[in-house]
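> My structure is below; once you've seen it, I'll send some questions.
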Amino acid sequence: MNKIVLGNVLHRPLRTLISVVAVAIEVVMILSIVAIMVGMVNNARNQTSGIGADIIVRPPGASFISSIGGAPVPAKIATVLAKLPHVSVVAPAIADFNMAETIWGIDFESYNALKPFVFVAGGPFKGPDDVIIDDLYARTGSKGHPLTVGSTVNLVNHNFHVCGIVEHGKGGRIFVPIHTLGALLGTPTNASIFYIKSDNLKNQELIRQEIHDTAGLQNYQVQTIQEWMSLMTPEHLPGFNVALDTVIVIAVIVGFLVIFQSLYTAVLERTREIGILKSMGASKLYILNVILREALLVSIAGIILGICFTQLLKFGLELHSAKFSFMLSNAWRIKATVIALAGSVLGAIYPAWKAARKDPIDALAYE
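The opening position of the sequence shown corresponds to residue 0 in numbering that gives the first Met the number 0, with each subsequent residue numbered one higher.
If you want it as structure tokens, here you go:
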């Protein structure tokens with residue numbers, strides 16, 4: 000039987016190759032979108048955990064995703080928060096999200112007090128048009144060109160000069176003075192988020208209560224870093240599961256249609272061959288087995304090719320941009336394999352059933 004299956008697969012090499020590539024595309028679609036989205040989440044978690052804050056304070060109604068929101072509240076709220084008992088440091092910040100990179104507006108002294116920057120070149124802001132970047136961003140910049148201290152970077156339609164390069168993992172990759180970014184966004188005295196460092200981790204609940212007891216801050220969102228980290232999972236991100244399910248459905252449809260078309264055509268071409276097998280005593284189950292084995296062989300080849308191509312894609316993206324995070328887990332490799340196999344089997348069922356039901360007399364007479 001295996002010789003028959005292999006012979007069938009090799010009989011039309013181009014069609015087999017197209018089927019294998021289609022299954023590979025199905026696998027790549029699933030793995031790549033999962034890897035990119037999970038990588039973004041993991042990167043955000045790692046960056047925020049490196050800020051050095053214990054507590055995050057946001058305006059009412061703000062998203063828990065810190066890089067979304069503009070600057071809706073006065074930055075002077077930081078002064079009010081700093082006067083609360085058990086608060087050691089308060090750092091106001093603005094997170095301006097764009098498709099290329101999130102730009103952080105910070106007050107250097109307070110933000111650095113949370114956890115000091117580790118400079119690999121240059122130093123702190125010296126003027127309103129200075130920018131600090133991390134080492135990963137410095138390797139490729141915004142247009143694929145390495146950046147050094149003294150380089151010019153255009154951000155928010157404004158030219159900044161690189162004054163310092165720091166080790167990555169401090170919340171963001173690009174930092175500019177908070178007042179400069181606020182002015183560019185039309186809110187020169189505002190902030191979008193406040194990071195707090197407590198005098199003792201045991202006092203986090205006391206600080207939360209103190210903030211909510213302060214006039215005007217009753218409705219502000221107060222989260223510990225641990226609480227925020229627990230929300231930064233794919234399940235809590237808006238649209239993550241919808242996007243993932245959509246890609247999986249499209250991928251399964253692609254695999255289903257290609258396998259269905261390939262095997263249905265193969266069954267029509269092998270009508271006489273099937274008649275010979277049945278006239279020699281091959282049962283319906285035998286014919287069904289041959290067709291399904293052929294589908295599985297093509298699928299397995301496509302899955303292997305898809306996983307290998309995804310690994311090459313991961314390598315290429317990380318080589319092109321060191322700041323890119325592509326999280327490819329074994330769990331999702333297994334899931335993608337199961338999904339691809341399921342789609343292929345579904346696509347092979349009708350052609351296999353049609354082949355098994357062929358009358359040997361009609362099949363032998365077929366031209």
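We put the CB at the ideal spot given by N, CA and C, even for glycine.
Assuming contact is defined by CB atoms lying nearer than 8 Å, are G301 and V19 in contact in what I supplied?
yes
> Have a look at H211 and Q203 and give me their C-alpha separation to the nearest angstrom.
13 Å
> If distances are taken between C-alpha atoms only, which option among C307, F325, L345, N158 comes closest to V26?
C307
> Which of helix, strand or coil does DSSP assign to G274?
helix
> Please classify A347: does DSSP put it in a helix, a strand, or coil?
helix
> Are there 16 or more other CB atoms within 10 angstroms of the CB of N189, so buried, or fewer, so exposed?
Around the CB of N189, 16 or more other CB atoms lie within 10 Å, so the residue is classed as buried.
> In whole angstroms, give me the CA-to-CA distance for W352 and L287.
6 Å
> Can you check which of these residues, I224, R207, R44, I35, is closest to N218 by C-alpha distance?
R207
> Sorted by chain position, which residues of the same chain lie with C-beta nearer than 7 Å to S66's C-beta, five sequence neighbours on each side aside?
Low local confidence applies: a pLDDT of 45 at S66 is under 50, so the model's placement there is unreliable, with the coordinate-based value given in what follows. For S66, where only same-chain residues beyond five positions count, the Cβ hits under 7 Å are A94, F96, T101.
> According to DSSP, is V117 helix, strand or coil?
Per DSSP, reduced to three states, the secondary structure at V117 is coil, with no helix or strand assignment.
> Whole-angstrom Cβ separation of P127 and G163, contact assumed at under 8 Å?
That belief does not hold up - the Cβ atoms of P127 and G163 are roughly 15 Å apart, past 8 Å.
> When you compare the stretch 153-167 with the stretch 195-202, are there three or more beta-carbon pairs, one atom per stretch, that lie closer than 8 Å?
no
> Do three or more CB pairs link the stretch 103-113 to the stretch 170-179 at distances below 8 Å?
yes
> With burial defined as no fewer than 16 other Cβ atoms inside 10 Å of the residue's Cβ, what is the status of H167: buried or exposed?
Burial is judged here by how many other beta carbons sit within 10 angstroms of a residue's own beta carbon; H167 has at least 16 and is buried.
> Apply the 10 Å Cβ neighbour rule to L216 and answer buried if 16 or more other Cβ atoms are within range, or exposed otherwise.
Buried is the label assigned to L216, since at least 16 other Cβ atoms lie within 10 Å of its Cβ.
> Starting from the C-beta of R57, find all residues in its chain whose C-beta is less than 6 Å away, skip the five residues before and the five after it, and write them out in chain order.
I192, Q220
> Using the Cβ count rule (16 or more neighbours within 10 Å means buried), how would you classify A354?
buried
> Starting from H178, trace the alpha helix (DSSP H) in both directions and tell me its first and last residue.
177-183
> Assuming I50 contacts L113 under a Cβ cut-off of 8 Å, what Cβ separation, rounded to an integer in Å, is found between them?
6 Å
> Can you give me the Cβ contacts of L276 inside the same chain, cut-off strictly under 7 Å, excluding the 5 residues immediately before and after it?
I286
> Looking at the unbroken beta strand (DSSP E) that takes in V56, where does it start and where does it end?
54-57
> Smallest Cα separation from L243: which of I338, I131, F259?
I338
> Under the assumption that F325 contacts I132 (Cβ atoms under 8 Å), give the Cβ distance between them as a whole number of angstroms.
Not quite, the Cβ-Cβ distance comes to about 21 Å (not below 8 Å), so this is no contact.
> Specify, as a first and last residue, the run of the beta strand (DSSP E) that A219 falls within.
Note that residue 219 corresponds to Tyr in the displayed sequence, not to Ala. Careful: Y219 lies outside any beta strand (DSSP E) and carries neither H nor E.
> Kindly indicate which three-state DSSP category V148 falls into: helix, strand or coil?
Here DSSP, grouped into helix, strand and coil, assigns V148 to coil.
> Would you list the one or two residues that DSSP bridges to L154?
H157
> In the DSSP assignment, the alpha helix (DSSP H) including S229 goes from what residue to what residue?
224-230
> Please report how far the alpha carbon of V86 lies from the alpha carbon of D53, in whole angstroms.
10 Å
> Any beta-carbon of chain C closer than 8 Å to the one on V86?
Judged by its chain identifiers, the structure shown contains no chain C, having just a single protein chain.
> Starting from the Cα of F239, find the closest Cα among V22, L13, M39, T15 and give me that residue.
Of V22, L13, M39, T15, the residue nearest in Cα terms is M39.
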